[in-house]
Amino acid sequence: MSTPHEHETPAVARDIPGTAPVAPADPAGTGEWRRLDPRTLLVHCGWLAAPLGSLALTALATGGRITARAWITLAAVAASFAVVTTIGLIRWARTEFRIARRPDGAGAPGQGRAALTLDVRSGLLTRRLRSVPLQRIRTVDLTASPLHRLLGVTVLRAGTAGSGDGRSELSLEALAVPEAERLRAELLAYADAASAENDPVLARVRWRWLRYAPLTFWVVGGVFVVAGSVYRVLDGIGIEPWKLGFVQQAFSEFGASALWLTIPAALLAVLALGSVGAVALYVENWWNYCLEWTDARTLRVRRGLFTTRSVTIERARLRGVLLREPLLLRAGGGALVRAVAGGLGNREENRKRSGLLPPAPRTEALRVAGGVLRAPFPGSGAPVALAAHPRVALRRRRVRGLLWAVLPGTAVLAGLGAAFTPVLLHCAWIYAALATALVLWLARDAYRSLGHGIQGPYLVARSGTFSRDTLALQREAVAAWTFSTSPFTRRAGLVTLTAAVAAGEDGYRIPDLAAAEAPAFAAAAAPGILEEFLLRPGAPESPGHLPEQRLP
Amino acid sequence: MPEHAAPLLRPPRHRVDPRARQWWTVQALLTLSGPMLLTAVVMAVLSLLFFPGALPWLGPLLLVVLVLPAVGYLVVMPRWRYAVHAWELGGRAVYAAGGWFWQKRRIAPLSRVQTVDTVRGPLQRRYGLATVTVTTASTAGDIKIAGLSDADAEELSRRIGEAAQDVPGDAA
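First to last, the sequence lines map onto chains S and P.
If you count the first sequence from 1, position 50 lands on 1513 in the numbering used here, and the numbers rise without skipping.
If you count the second sequence from 1, position 81 lands on 96 in the numbering used here, and the numbers rise without skipping.
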């Protein structure tokens, strides 16, 4: 290893009296310059794969006889390789970074700790030094292409709140993965300690988030909705699309060719169309997006390209934050944030206006949620310690899925198969096997999502698999408690608790709690509501059967 | 915390008026059971008059699909409801239990109460009953106590009104 000093980086200190709990004590050996990982050089060779591969294919196809043209190509490739490698080598050799104290060595005013900066210097002839105070750093992304992953390196990008356009973003390409993670921890430890309240701007749009746009249901659903409405419009003005010449021609041509090709091609087309639509929608909705505290008591969201929207939420009416992770978005590591606030209008208006953050990386979502609450959102630091729900809730989810998804489909297919053709019988068992596997997996995921707890002034509840929602709700905002049961949950010893809030969607459900623990949890989460109706088992007073009692 | 120490939510102390059972029965007859039974009778008569051959399979079908569910609902629902429905006005909160198959217990503190409505429908008036609805700022926090006797409803709404004034709070 050519950079042995990397391993002497002091760990982040967490126990210094008088400082914020997670401030680094003396980061990075007081400003020693560090290098990028030498494996970065290999990453630059990655683009060679395409020309060399095609050359190899040519050689294979022609039986090893490489023509003069191919030799010229090879020479050109070799020359470019030399150039690129040299440039890469120079860039690697000349790029250094460090975490340093401010040149004047003075602490930020009013904060008893030294101001630290992340410095990056680069360039061969034009030397360039860019330095960002650590308090300004809001996000640290680690991204790795497949080639990066193969080599065990990753690209680190440190962004400030105002770096939506990439101007004030620092990018280190590339670092060894452990090194990158250590650096991220160092950077974020300080950034968290300084917290968002110094900076009124919580988030601005970053077009790198566009990659999350296609990860929504509307990618597929939207295409059908649009197709349906186009059809309706055409139908309305008297055109029947099926009778148009070119439609019929296309249909007959496609129908004549192999279905193997047509169906996947059609699916791909739908997906591509849907993705374009989703991206367009994202751009329209979140153009110029900015989430900021305009003053100490007012949170403002501005966004929109053609329709510009600006929503202002008074802090007193902000009752909590909802972190939403729909299934696909969650698989892509993304999340979005909604406000639980009063006065945003009815349910439909609330849905449109409560969005605080578009689909974005999960870490970013957690940071924004924390900035809105002005307290760390549960799960942003250590993993949340949410109380799990009884295992019988898992069984309930499995049974429900099997009853409502697997059984009807299998029964219909099997019935039709028995009546008409044995092909459908095979379809039935294949469907049953696949659907069962899927249902079991989803049930497990849904069960794992379940959790509830109390964190400081917030009630935290998480549930859902198609959309995993984590709610942080002000405990004092709970206006009423509802315990709902059905004969099935009563037998299983479960109860669904609903917190009524005069904000957001009005009622927030915590499904399938243990019936024996729910009252205690409700009482602890929002004191002063149900204590007088609680009964300690074993206490002398027992109402037994209800008397037919009138008011005295 | 040991499990046996966990407190339980006891049911509210007061049952609704016993006449509520009759009210619910008539209601079931008017809304669900009656129309279902009527449909079954009409279909059976039509089939008897015009397609006597269909009776052997139509009869059992009507019995299973329409008659039994209708009668079952008529018999079971009012009793079950009466066993579940209950209410209580505590020192700091209102507490009500409702439903039959799906049951709900809801507690709202008096400090959050915004309005108290007493509603008497035509059918309820016939049995001297009333429904008291306590609204809060959240639609998920509204408490509805159905099947109270007139006198109880009046007394309850008056008491909730008084108590809500005594308990400080802005109801938000």
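Heads up, the beta-carbon is just placed ideally off N, CA and C, and yes, glycines get one too.
Query: Residue-level contact to chain P via CB, residue 1555 of chain S, 8 Å cutoff; Result: no
Query: Contact with chain C by residue 146 of chain P, beta-carbon distance below 8 Å; Result: Looking for chain C here will not work: the only protein chains present are S and P.
Query: Endpoints, the beta strand (DSSP E) within which residue 1754 of chain S is located; Result: 1753-1758
Query: Contact with chain P by residue 1979 of chain S, beta-carbon distance below 8 Å; Result: yes
Query: Beta-carbon gap between residue 151 of chain P and residue 180 of chain P smaller than 8 Å; Result: no
Query: First and last residue of the uninterrupted beta strand (DSSP E) at residue 145 of chain P; Result: 144-150
Query: Closer than 8 Å to chain P by CB, residue 1867 of chain S; Result: no
Query: Residue environment, residue 1817 of chain S, which counts as buried when at least 16 other CB atoms sit within 10 Å; Result: buried
Query: Per DSSP, cross-strand counterpart(s) of residue 1497 of chain S; Result: S/1560
Query: Chain S contact for residue 159 of chain P (CB, 8 Å cutoff); Result: no
Query: Touch test, the segment 1873-1891 of chain S against the segment 1904-1915 of chain S, Cβ-Cβ under 8 Å, three pairs minimum; Result: no
Query: Nearest neighbour of residue 92 of chain P, chosen from P/73, P/29, P/38 [CA to CA]; Result: P/38
Query: Alpha-carbon spacing of residue 1958 of chain S relative to residue 1698 of chain S, whole angstroms; Result: 50 Å
Query: Classification of residue 1748 of chain S by the beta-carbon crowding that lies within 10 angstroms, buried from 16 upward; Result: buried
Query: Close-in-space but distant-in-sequence residues of the same chain around residue 122 of chain P (CB under 6 Å, 5 per side omitted); Result: 108, 110
Query: Residue closest to residue 1804 of chain S, alpha-carbon to alpha-carbon, out of S/1825, S/1779, S/1514; Result: S/1779
Query: Cβ of residue 1687 of chain S within 8 Å of any chain P Cβ; Result: no
Query: Residues that residue 158 of chain P bridges to, as DSSP identifies them; Result: P/149
Query: Own chain partners of residue 142 of chain P with C-beta closer than 7 Å, once the 5 adjacent residues on each side are dropped; Result: 34, 37, 38
Query: Any chain P beta carbon closer than 8 Å to residue 1594 of chain S; Result: no
Query: Run of the beta strand (DSSP E) containing residue 1585 of chain S, from where it starts to where it stops; Result: 1579-1585
Query: Backbone CA spacing between residue 1823 of chain S and residue 1604 of chain S [nearest angstrom]; Result: 12 Å
Query: Those residues which DSSP pairs with residue 1797 of chain S across a bridge; Result: S/1824
Query: Residues within the segment 121-137 of chain P neighbouring chain S, beta-carbon criterion of under 7 Å; Result: 121, 122, 123, 124, 127
Query: Alpha-carbon to alpha-carbon, residue 55 of chain P and residue 82 of chain P; Result: 7 Å
Query: Residue 59 of chain P to residue 70 of chain P span [Cα, whole Å]; Result: 7 Å
Query: Alpha carbon of residue 1935 of chain S to alpha carbon of residue 1800 of chain S, nearest angstrom; Result: 11 Å
Query: Residue 32 of chain P burial status per 10 Å Cβ neighbour count (16 or more: buried); Result: buried
Query: Reduced DSSP category for residue 1629 of chain S - H, G, I as helix; E, B as strand; rest coil; Result: Model confidence at residue 1629 of chain S stands at a pLDDT of 48, short of 50, so the residue's coordinates are unreliable; what they give is reported in the following sentence. Coil.
Query: Environment of residue 1928 of chain S [buried if 16+ CB atoms lie within 10 Å]; Result: buried
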